[in-house]
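Just below is one structure, and these are the notes that go with it.
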Amino acid sequence: MVKEKKLFLVYPTFPSGLFASVSPGLLAVAAHAAQYNPGLMIKIWDERLDGAFEVDKVEGALVGISAMTAQVPRAKWIAARAKEAGAFGVVFGGIHPTICPEEFRLYGAVLRGEIEGGSLVQVLADYEHGRPLALEYYTPVGPLESLPLAPPECYDYAARVMDNMISDARGCPLGCSYCSIHIVSGTKIRHRPVPEIMLELKTRKLLEGNPNIQVTFTNDNFGASPQDRTLLQSVKAELKGRAFRWFVQIGLRSLTNHNFLELANSVGQSKLAVGVESPFRDGLSLEKKGIKGIDPARVFEKIQKYPNIRTRLLLMLGFDFEPSDAFEQMLAFIKQIQPDGVYISILTPFPGTKIGAKLEAEERIFHKNWAHYDTRHLVFERRYTKNDNSLGVMSHDEFMTGFNWLVNEAELEIKKWSRFQAETQVL
Ligand code: B12
Ligand code: SF4
Numbered sequence: 001m002v003k004e005k006k007l008f009l010v011y012p013t014f015p016s017g018l019f020a021s022v023s024p025g026l027l028a029v030a031a032h033a034a035q036y037n038p039g040l041m042i043k044i045w046d047e048r049l050d051g052a053f054e055v056d057k058v059e060g061a062l063v064g065i066s067a068m069t070a071q072v073p074r075a076k077w078i079a080a081r082a083k084e085a086g087a088f089g090v091v092f093g094g095i096h097p098t099i100c101p102e103e104f105r106l107y108g109a110v111l112r113g114e115i116e117g118g119s120l121v122q123v124l125a126d127y128e129h130g131r132p133l134a135l136e137y138y139t140p141v142g143p144l145e146s147l148p149l150a151p152p153e154c155y156d157y158a159a160r161v162m163d164n165m166i167s168d169a170r171g172c173p174l175g176c177s178y179c180s181i182h183i184v185s186g187t188k189i190r191h192r193p194v195p196e197i198m199l200e201l202k203t204r205k206l207l208e209g210n211p212n213i214q215v216t217f218t219n220d221n222f223g224a225s226p227q228d229r230t231l232l233q234s235v236k237a238e239l240k241g242r243a244f245r246w247f248v249q250i251g252l253r254s255l256t257n258h259n260f261l262e263l264a265n266s267v268g269q270s271k272l273a274v275g276v277e278s279p280f281r282d283g284l285s286l287e288k289k290g291i292k293g294i295d296p297a298r299v300f301e302k303i304q305k306y307p308n309i310r311t312r313l314l315l316m317l318g319f320d321f322e323p324s325d326a327f328e329q330m331l332a333f334i335k336q337i338q339p340d341g342v343y344i345s346i347l348t349p350f351p352g353t354k355i356g357a358k359l360e361a362e363e364r365i366f367h368k369n370w371a372h373y374d375t376r377h378l379v380f381e382r383r384y385t386k387n388d389n390s391l392g393v394m395s396h397d398e399f400m401t402g403f404n405w406l407v408n409e410a411e412l413e414i415k416k417w418s419r420f421q422a423e424t425q426v427l
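With my numbering applied, the sequence shown has no gaps in its numbers, which climb one by one up to 427 at the end.
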C-alpha cells in the first residue's frame, strides 16, 4: 500500500512573541509544495495559534520548521520530538538556519535562503523518492514572478488571525549594520508583479472591506519604489471605497514625498512603522545609509495632517554612539515627534550582522541563548559615549532599568497626544 505523503509546516512559538500572524514564508512553502505534488497532505501548524506541535501524526511525514533566531531552541526541540515520533525527516528554513546551518546538523536538513529558485523541489523530490535528505539545500534568489498560490485551506487558516501578511517584495539594498536580511533575500529589492499581488489579495478575500482585518505587506522598505505606488493605486481602484486597513515598514525618505503621502492617505486606513531608529542621527548615519539631511520631526509633523495615516515610530537602543542619558533623550525625542505609537527594540547582535561580528570580535557578547535574541533582552556589554568621546560601560541591570523606565514613560506620554488610542501601548 502506498503511504500518504504528508508535510507539516511548523512555526515555533517563543515567550516574547508579539501578535499572531501566519508566516508568509510557510505560506510560500505550502504553495510550492502543493504545486509540486497536488496530492500531498499539507498542514501549517503555528504554535501561537494551535498550541504545542503534536507529533502523533508525523510518522513517515516530512516536517518543515521556520525559524528566526529567537525561535531556534524551540525549533530544535520540535525537530527532536518529530524524529523520535518517526518523521521521515525534518527540514529547517528561514533566517537563522540560512545563516547558521551547521547548528542544525544533529536535528535535520537545512534549506538556506529562499525556496523559489528550486531548492524546495529538491527536498520534496528526495522525500517523494524516499531518499535521505541532504545536509543542505540552496538555490540563489530569483525573480518573484508567477509564484504559485497556496491551497485555499492554508489561506483560510491564515485568516484566523487579524493580521494577514502578504509578501509583496523582498531584499534590501540599505545594508544596515544590525540587519542580516540581505543574506536570505539579497541586496536588490525584487517586487512581485502587481497583478499577481492583487490576485493573491483577492483570493485571500482581503479586499472585501472587512474593517477587522489588517493586511501587512512584508516589503522591508515600502514606498521606496514606483511599484509600491502602483500597488496602492491598484488596491484603491479595486476597493471602490470599501474599508481597508494596511500596515507597512517604511523609511523616512519615502515619507518626504508629498505624492506618496497623498496616495497613502487615500487608500483605507494605514499604519506606517517608520524606521527612525535613533535620535542621535550622526552616530546612526554610520550604521544606516541614506538618512543624512532628513529631519524626522519635520516628517512626522507633515504626516500628522493626514487623518487616515497612523504612525508607529521604530526606535532602537544600545548603540555605542548613544550618550549615558540616552533614555531621557529618547523620551524627549518621542515627545517632540509625537507619533501615534512607538516600538522600542534593544539592539541585538543577530548572526550575520556587522554589529554582531564587531561585538563578537570585541568579546562583548554575554551568551548565545538564542531565545533571548528577541530585541527584548540585552545580550552584550553595553557601552556609551562620554562627553570627551571616550566610551563608558553600563551594567546590564542599569541598562534594563533605563529601558523599562523609558517604555513606561513613553506609554504615559503617547496617551496624551495619540490620535489613535489603540496604538499607545509601547511594544
Ligand atoms: C513579517 C515579519 C515579522 C512578523 C512575523 C510574521 C510571521 N508570522 O512570520 C512580525 C511582525 C510578528 C515580526 C516580529 C518580529 N520580528 Co520579524 N520580520 C518580518 C519580516 C519583515 C518579513 C518576513 C517575511 O514574511 N518575509 C516574506 C517571506 C516569504 O520570506 P521568508 O520569511 O524569508 O521565507 C522565505 C525563506 O526564508 C524560506 N523559508 C522560511 N521559512 C521556511 C521554512 C521551511 C521549512 C522552508 C523549507 C523554507 C522556509 O522560504 C520562504 C520563501 O522563499 C522580516 C524581514 C524580512 N524581509 O524577512 C523580519 C525579521 C524576520 N524579523 C526579525 C525580528 C528580529 C523580529 C522580532 C523578534 C523583533 C522585531 N524586530 O520586531 C519580532 C518578534 C517575532 C514574533 N514572532 O513575534 C528579524 C529576524 C532576525 C533574526 N536573525 O532572527 C528580521 C529578519 C528583520 C530584520 N530586518 O532583521 N516579524
Ligand atoms: S532598511 Fe530594514 S531590511 Fe533594509 S537593511 Fe535596514 S533593517 Fe534591514
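C-beta atoms are modelled at their ideal positions from N, C-alpha and C, and glycine is treated no differently.
Within the continuous alpha helix (DSSP H) that includes residue i, where are the two ends?
i, result
"Pro385", "Here residue 385 turns out to be Thr, not Pro, going by the sequence shown. Counting along the chain, Thr385 falls outside any alpha helix (DSSP H), though it belongs to the beta strand (DSSP E) covering 382-385."
"Gly356", "354-361"
"Met435", "Because the chain is modelled from 1 through 427, residue 435 falls outside the range shown and cannot be assessed."
"Val83", "The displayed chain sequence assigns Lys, not Val, to residue 83. From DSSP, the alpha helix (DSSP H) with Lys83 extends over 72-84."
"Gly25", "24-36"
"Lys302", "296-303"
"Pro152", "152-158"
Here's a check: name, in chain order, each residue in its chain whose Cβ is nearer than 7 Å to the Cβ of residue i, leaving out the five neighbours to either side.
i, result
"Ile365", "Pro349, Leu359, Val379, Phe380"
"Glu4", "Met41"
"Ile346", "Leu317, Gly318, Thr375, Arg376, His377, Leu378, Phe403"
"Glu423", "Arg310, Arg312, Asp340, Gly341"
"Trp405", "Phe327"
"Pro101", "Val110, Arg112, Glu136"
"Lys236", "Ser266, Val267"
"Tyr306", "Leu261, Asn265"
"Pro12", "Glu47, Ile65, Ala67, Gln71, Arg74, Ala75, Ile78"
"Val407", "Ile344, Val426"
"Lys83", "Val90"
Could you spell out the range, first to last residue, of the beta strand (DSSP E) harbouring residue i?
i, result
"Arg204", "Run containing Arg204: none; DSSP gives neither H nor E here."
"Met400", "Element bounds for Met400: not the beta strand (DSSP E) but the alpha helix (DSSP H), 396-417."
"Arg312", "309-317"
"Asp168", "Premise fails: Asp168 is in no beta strand (DSSP E) and is neither H nor E."
"Asp374", "No beta strand (DSSP E) contains Asp374, which DSSP labels as neither H nor E."
"Tyr11", "6-11"
"Ile344", "341-346"
"Ile44", "41-46"
"Ile291", "No beta strand (DSSP E) contains Ile291, which DSSP labels as neither H nor E."
"Ile65", "62-66"
"Gly89", "89-93"
State yes or no: is the C-beta of residue i within less than 9 Å of the C-beta of residue j?
i, j, result
"Cys176", "Lys288", "yes"
"Phe247", "Gly223", "no"
"Asp163", "Phe217", "no"
"Ser23", "Ile95", "no"
"Val10", "Ile115", "no"
"Val315", "Glu277", "The question names Val, but residue 315 is Leu in the sequence shown. Cβ atoms of Leu315 and Glu277: closer than 9 Å."
"Arg312", "Leu272", "yes"
"Phe92", "Ala75", "yes"
"Pro201", "Glu238", "With the sequence shown as reference, residue 201 is identified as Leu, and Pro is not the correct amino acid for it. Yes. Within cutoff."
"Leu62", "Leu7", "yes"
"Gln35", "Pro148", "yes"
"Ala87", "Gly60", "yes"
"Trp370", "Val72", "yes"
"Gly25", "Ser66", "yes"
"Pro323", "Tyr384", "yes"
"Leu255", "Val215", "no"
Less than 8 Å between the CB of residue i and some heavy atom of the ligand SAH, yes or no?
i, result
"Phe53", "With respect to the ligand SAH, the structure shown offers nothing to examine, as its ligands consist of the ligand B12 and the ligand SF4."
Excluding five sequence neighbours on each side, which residues of the same chain lie with their C-beta closer than 6 Å to the C-beta of residue i?
i, result
"Gln421", "none"
"Met1", "Here Met1 scores only 45 on pLDDT, less than 50, and its place in the model should not be relied on; the value that follows carries that caveat. Answer for Met1: no residue qualifies."
"Ala31", "Pro148, Leu149, Ala150"
"Leu428", "The chain is shown only over 1 to 427; residue 428 falls outside these bounds and no answer can be derived."
"Tyr373", "Thr69, Ala70, Thr348"
Using C-beta distances below 8 Å, list every residue in its chain close to residue i, excluding the 5 sequence neighbours before and after it, in chain order.
i, result
"Glu515", "Missing from the structure shown is residue 515; the chain here goes from 1 to 427 and no further."
"Gly118", "Thr139"
"Ile355", "Ser177, Tyr178, Glu287, Leu347, Pro349"
"Ile337", "Val276, Pro296, Ala297, Phe300, Leu313"
"Gly290", "Leu174, Gly251, Arg253"
At least one CB of chain B closer than 9 Å to the CB of residue i: is that the case?
i, result
"Lys292", "Included in the structure is just one protein chain, with no chain B present."
Return the chain-ordered ranges of every alpha helix (DSSP H) run that is complete within the stretch 244-285 and spans a minimum of 4 residues. Complete alpha helix (DSSP H) runs here, min 4: 258-266, 281-285.
Mind listing, in chain order, the continuous alpha helix (DSSP H) runs of no fewer than 4 residues lying wholly within the stretch 110-137? 119-128
Mind listing which residues have their beta carbon within less than 5 Å of any non-hydrogen atom of the ligand SF4? Chain order is fine. Cys172, Leu174, Cys176, Cys179, Ile181, Asp220
Scan the stretch 170-244 and note each continuous alpha helix (DSSP H) run of 4 residues or more that stays entirely inside, going in chain order. DSSP runs (the alpha helix (DSSP H)) wholly in the stretch 170-244: 181-185, 194-203, 226-239.
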